[in-house]
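Shown next, in structure tokens, is the structure this report addresses.
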Amino acid sequence: MLPKRSSCADRGGNTRTMRRLATLGLLAIVALVAGACQAVSLRSPATDQAILISDLYNLVFAVAAVVFFLVEGLIVWSVIRYRRKSTDRGLPAQTHGNLVLEIVWTAVPMVTVIAIFLASWNVLNVVDARDESVAQVKVEVVGYQWAWKFGYPDAGIEIYGTAEQNPQLVVPINKVVQVSVSSQDVNHGFYIPEFLFQRDAVPGRVNVFQFTPNKLGVFNGQCSAFCGLMHHAMRFSVKVVTQAEYDAWIAAGGPSANAAGVATLRITTTPVAVATPAIVRFSRITM
Amino acid sequence: MATTALRPAARSGTGIYEWLTTTDHKKIGILYMISSFVFLAIGGLLALGVRAELAQPGLQFLDESTYNQLFTMHATIMIFWVIIPFLGAIGNYVVPLQLGAPDMAFPRINALSFWLIPFAGIIVLSGFVLGGAADAGWTAYPPVSSIKYSPGPGMNLWIMGLILIGTSSILGAVNFLVTIFRMRAPGMTLFRMPILTWTVLVTAVLVLMATPVLTSALIMLFIDRNFGGSFFDPATGGSAILWQNIFWFYSHPAVYIMVLPAMGVISEILPVFSRKPLFGYKAFVFATAGIGALGFSVWAHHMFTTGGVFLPFFSIMTFFIAIPTGVKMFNWVATMWRGQLIFSTPMLFAIGFLSMFLIGGINGVFSAPVPVDYAIHATYWIVAHIHYVLFGGSFLGIMAGLYFYFPKMTGKMLDERLGKIHFVLMYVGLNLTFMPMHLLGLSGMPRRIADYSPTAGWNDLNLIATIGGFTIGASLLPLLWNIYISLRNGKAAGDDPWEANTLEWATSSPPPAWNFDRLPAITSERPLFDARHGRSGKDHA
Ligand SMILES: [Cu+2]
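Top to bottom, those sequences are chains A and B. Just so we're on the same page, our numbering is the position in the first sequence counted from 1, plus 9. Just so we're on the same page, our numbering is the position in the second sequence counted from 1, plus 65.
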């Protein structure tokens with residue numbers, strides 16, 4: 010249907026078509042918005058902490074969307090409504106400002122950002138909570154060019170990845186997992202998109218954080234801090250299993266030898282971390 | 066007004082020798098611009114190399130080593146040799162004219178500031194032919210930038226080039242400050258200065274306070290690398306995080322150094338093409354100063370994930386800095402409100418700036434709530450953010466300024482039709498490139514990776530971004546063609562082709578070496594408007 014110039018003239022005949030088109034258009038918009046909302050959210054969260062982060066992100070996004078549509082709308086409106094017309098004579102009113110307006114559009118954003126800050130503060134206190142006493146599984150993560158070492162000091166298991174053989178961290182579902190992350194050479198970033206979380210592995214520092222996985226499955230992770238030549242290859246995964254599977258895995262001494270050679274496995278007789286000279290030792294956690 | 070006494074003994078030649086030895090701020094401004102265009106071509110090609118490689122998973126065109134050099138040098142060149150000098154070009158050309166001054170305060174230092182730029186640029190780029198350019202990212206975090214992990218000559222050359230270009234910035238900042246405080250025409254009080262000059266003033270203060278800090282960090286890194294220092298090496302008692310603190314103490318204000326003058330350009334253009342004064346002139350000045358001041362208190366939001374930052378302070382300050390930026394946004398929109406908008410090319414780019422910089426402001430606020438930053442830090446979300454700020458903001462602002470001031474600089478108008486083609490291509494291209502990067506970041510693609518897994522779901526978005534990147538590249542062709550044909554047979558511009566407000570339009574195009582034969586009375590921030598409409602201007606309330 011070609012758009013007609015004089016849309017007002019043929020109002021009578023096409024009402025039904027118009028209404029149908031309007032309905033279709035509305036459905037299309039709803040579908041589009043729904044699709045867009047799907048696309049613009051973070052990965053679906055796989056830990057208790059990530060759920061909070063996801064909610065916080067959605068809050069920020071909602072406020073951002075309001076600001077975006079408000080201001081872009083004002084811009085578009087000005088462009089359409091206030092273009093200079095051939096009938097314009099003389100100058101438009103020379104408005105130099107408006108104190109009340111300016112106070113309003115300073116104060117409203119101020120209140121808004123303080124509110125978001127407080128919300129984010131609450132979430133941060135949970136996400137960054139590091140209560141050693143509640144940790145049920147403790148793992149040590151060490152980044153090195155260009156792979157990861159995962160250690161289970163209590164079980165004497167150490168898993169060494171390479172850039173070709175990405176290591177896998179195995180943790181039980183619904184348990185508080187405490188990660189101590191460091192680096193033995195340059196900065197790395199321990200980042201798992203579905204945990205909505207990353208923490209840098211910095212040489213000379215041990216960063217500690219906790220998470221509680223709440224979904225079974227394998228979650229891919231990757232180094233997020235540029236670390237040199239093969240930065241892109243520094244991948245790993247986290248496998249979340251049931252407690253029974255986890256216990257069996259630990260009892261079997263970690264990844265089995267035939268697991269596609271995923272990792273080198275070293276079991277010590279004593280439940281103390283191996284003193285591999287090149288690897289940072291976790292004798293003390295400083296936070 | 067008696068300006069004849071201030072006439073410098075400028076030569077008026079146009080030969081090569083004259084251009085190489087000039088101390089005329091206008092010629093130096095044009096030199097800045099030419100140099101910026103050359104480096105834009107280089108930085109742009111580096112970016113296209115990156116985008117070509119990322120179009121599909123797998124390594125098709127580059128190896129990791131080359132890729133790392135490309136993205137490092139792309140950012141380095143675009144920040145230090147394109148955006149800052151482009152703004153320097155506009156500032157150099159326009160600020161003395163806006164003040165009614167005959168030149169900058171220190172014309173020879175001005176020439177030195179410029180000539181450091183191409184030489185410093187050659188130094189950093191020479192790495193490509195001397196065994197590998199810098200490849201540690203433009204942020205050059207140790208230990209990756211240390212001699213152990215980055216042993217080639219590129220990193221040393223990068224440090225030397227950056228120290229030189231920092232020196233150029235510092236000299237330029239002193240020059241601008243003295244010019245603004247000492248060289249204003251009679252009647253040009255601080256609160257009658259055009260906003261562009263105000264933004265250059267605040268930028269100069271930022272440069273003066275921040276750039277020496279970067280220089281000291283660079284010297285420390287140089288000592289670490291070459292003379293066995295241990296500032297940043299944890300193995301010998303240094304701290305890797307220390308570099309990040311010093312680096313961002315400069316580099317966060319640097320973002321405002323790159324944005325404030327572009328905001329100034331926009332604030333000149335929007336009133337002219339809306340035929341109204343800037344809404345809230347004083348609020349705008351205070352917001353500019355506020356951004357400058359707050360800009361020094363947010364640096365560690367680049368480091369939330371290091372575990373070594375006092376989080377609440379930097380989080381709330383990062384929230385707060387959104388406010389003066391928001392105030393400006395509303396001021397610009399209110400300037401257009403109930404105006405009579407004329408959509409010449411400068412205005413199109415100015416509106417492009419508004420609509421894109423808004424996105425760069427909003428997606429930046431996502432890094433203020435720390436937990437959200439944990440999710441998006443170092444992902445393509447951040448790449449999208451900085452490009453909406455520096456491309457959608459700064460660069461569109463620079464393009465607006467180029468179209469706006471080209472008639473003044475050359476006496477010729479640029480072609481409107483080619484200008485509009487340029488605008489549409491660039492606007493579409495930049496959104497095609499950077500909009501998908503938000504989604505890539507949300508789905509977990511880290512920045513600075515040469516390759517990605519074909520099963521990660523990032524293929525289509527990367528392909529779109531690459532197509533967009535090449536569209537941006539193509540959009541520069543009509544611009545260059547436009548400049549070429551307009552210089553040859555463009556329409557004569559006359560003194561004031563846009564019916565503008567400020568003093569630079571009160572002299573001929575191009576202006577004589579001494580800038581002004583006579584000045585209009587300056588009784589408001591719009592002396593030309595007052596003269597044109599026969600009012601004695603009144604200071605804005
Ligand atoms: Cu890494």
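Glycine included, each C-beta is placed from N, C-alpha and C at the ideal position. Note that the coordinates shown come from a computational prediction; the quantities given were computed from them, not determined experimentally.
Proximal residues of chain B, C-beta to C-beta of R139 (chain A) below 9 Å: Here the premise fails: no neighbours, minimum Cβ distance about 10 Å.
Inter-stretch contact (C-beta, 8 Å, three-pair minimum) for the segment 432 to 443 of chain B and the segment 125 to 138 of chain A: Yes, the segment 432 to 443 of chain B touches the segment 125 to 138 of chain A.
Counted within 10 angstroms of its Cβ, other Cβ atoms place T400 (chain B) as buried (16 or more) or exposed: Result: buried.
Three-state secondary structure assigned by DSSP to N547 (chain B): Taken through DSSP and simplified to helix, strand or coil, N547 (chain B) comes out as helix.
beta-carbon W155 (chain A) near ligand 1 non-hydrogen atom, thresh 7 Å: Yes, since a heavy atom of ligand 1 falls inside the 7 Å radius drawn around the Cβ of W155 (chain A).
Proximity test, Cβ basis, 8 Å: P299 (chain B) and chain A: Interface residue, yes.
Boundaries of the alpha helix (DSSP H) in which H139 (chain B) is found, first to last residue: Boundaries of the alpha helix (DSSP H) around H139 (chain B): E129 to T141.
The segment 226 to 235 of chain B touching the segment 269 to 289 of chain B, judged by at least three CB pairs closer than 8 Å: The segment 226 to 235 of chain B is in contact with the segment 269 to 289 of chain B.
Supposed close pair Q58 (chain A), T251 (chain A) - CB separation, criterion 8 Å: With 8 Å as the limit, Q58 (chain A) and T251 (chain A) do not qualify as a contact, their Cβ atoms being about 20 Å apart.
Any non-hydrogen atom of ligand 1 within 7 Å of H197 (chain A) CB: Yes, ligand 1 has a heavy atom inside 7 Å of this Cβ.
Inter-stretch contact at 8 Å, needing at least 3 Cβ pairs: the segment 488 to 495 of chain B / the segment 342 to 361 of chain B: Fewer than three pairs of CB atoms, one per stretch, sit closer than 8 Å, so the segment 488 to 495 of chain B makes no contact with the segment 342 to 361 of chain B.
Assigned exposure category for Y82 (chain B) - 16 Cβ within 10 Å defines buried: Exposed.
Reduced DSSP category for P222 (chain A) - H, G, I as helix; E, B as strand; rest coil: For P222 (chain A), the three-state secondary structure derived from DSSP is strand.
CA-to-CA distance, F145 (chain B) to V239 (chain B), given in whole angstroms: Going by the C-alpha atoms only, they are around 18 Å apart.
beta-carbon G152 (chain A) near ligand 1 non-hydrogen atom, thresh 7 Å: Yes, ligand 1 has a heavy atom inside 7 Å of this Cβ.
Rounded straight-line distance, which links the Cα of T370 (chain B) to that of T223 (chain A): A quick correction: the sequence has Asn, not Thr, at residue 223 (chain A). If you draw a straight line from the Cα of N223 (chain A) to the Cα of T370 (chain B), it comes to about 23 Å.
Beta strand (DSSP E) segment containing I201 (chain A), residue limits: Residues H197 to I201.
Residue burial classification, T86 (chain B) (beta-carbon count within 10 angstroms, cutoff 16): The residue is exposed, with fewer than 16 neighbouring Cβ atoms inside 10 Å.
beta-carbon H241 (chain A) near ligand 1 non-hydrogen atom, thresh 7 Å: No - ligand 1 has no heavy atom lying nearer than 7 Å to the Cβ of H241 (chain A).
Where K579 (chain B) sits in the DSSP three-state scheme: Before going on, a small fix: residue 579 (chain B) reads as Trp here, not Lys. Residue state, collapsed to three classes: coil.
Any non-hydrogen atom of ligand 1 within 7 Å of A234 (chain A) CB: Flag set: Cβ of A234 (chain A) near ligand 1.
CB contact check: D57 (chain A) to chain B, cutoff 8 Å: It does not; no Cβ of chain B falls within 8 Å.
Alpha helix (DSSP H) runs contained entirely in the segment 418 to 499 of chain B, provided each spans 4 or more residues: Those alpha helix (DSSP H) runs which fall completely within the segment 418 to 499 of chain B and span 4+ residues are 435 to 441, 445 to 454 and 461 to 475.
DSSP bridge partner residues for A156 (chain A) (one or two, in chain order): Note: A156 (chain A) sits in a beta bridge opposite A:Y153.
Three-way DSSP call (helix, strand, coil) for Q58 (chain A) in this model: Q58 (chain A) falls in the helix class under three-state DSSP.
Y445 (chain B) beta carbon less than 8 Å from that of G506 (chain B): Here G506 (chain B) is near Y445 (chain B), since their CB atoms are less than 8 Å apart.
Residues sharing a beta bridge with L178 (chain A), DSSP: Bridge partners of L178 (chain A): A:V247.
Within chain B, the residues that S50 (chain A) reaches when beta carbons sit closer than 9 Å: From the beta-carbon of S50 (chain A), the residues of chain B found nearer than 9 Å are L507.
Extent of the continuous alpha helix (DSSP H) to which E254 (chain A) belongs: Per DSSP, the continuous alpha helix (DSSP H) segment holding E254 (chain A) begins and ends at Q252 to A260.
8 Å contact criterion, which A440 (chain B) and F206 (chain A) should meet: CB distance rounded: Going by Cβ atoms, the distance from A440 (chain B) to F206 (chain A) rounds to 7 Å, so yes, they are a contact pair.
Rounded separation between Q231 (chain A) and G509 (chain B) - CA only: Roughly 9 Å separates the two Cα atoms.
Residue-chain proximity (T232 (chain B), chain A), Cβ-Cβ < 8 Å: Proximity of T232 (chain B) to chain A, defined by a Cβ-Cβ separation below 8 Å, is not satisfied.
First through last residue of the beta strand (DSSP E) which encompasses I168 (chain A): I166 to Y169 is the span of the beta strand (DSSP E), which, as asked, contains I168 (chain A).
Same chain, Cβ closer than 6 Å to I212 (chain B), neighbours up to 5 away in sequence not counted: Here the set comprises R290.
Check whether V265 (chain B) and G165 (chain B) have beta carbons under 8 Å apart: No, Cβ-Cβ distance for V265 (chain B) and G165 (chain B) is not below 8 Å.
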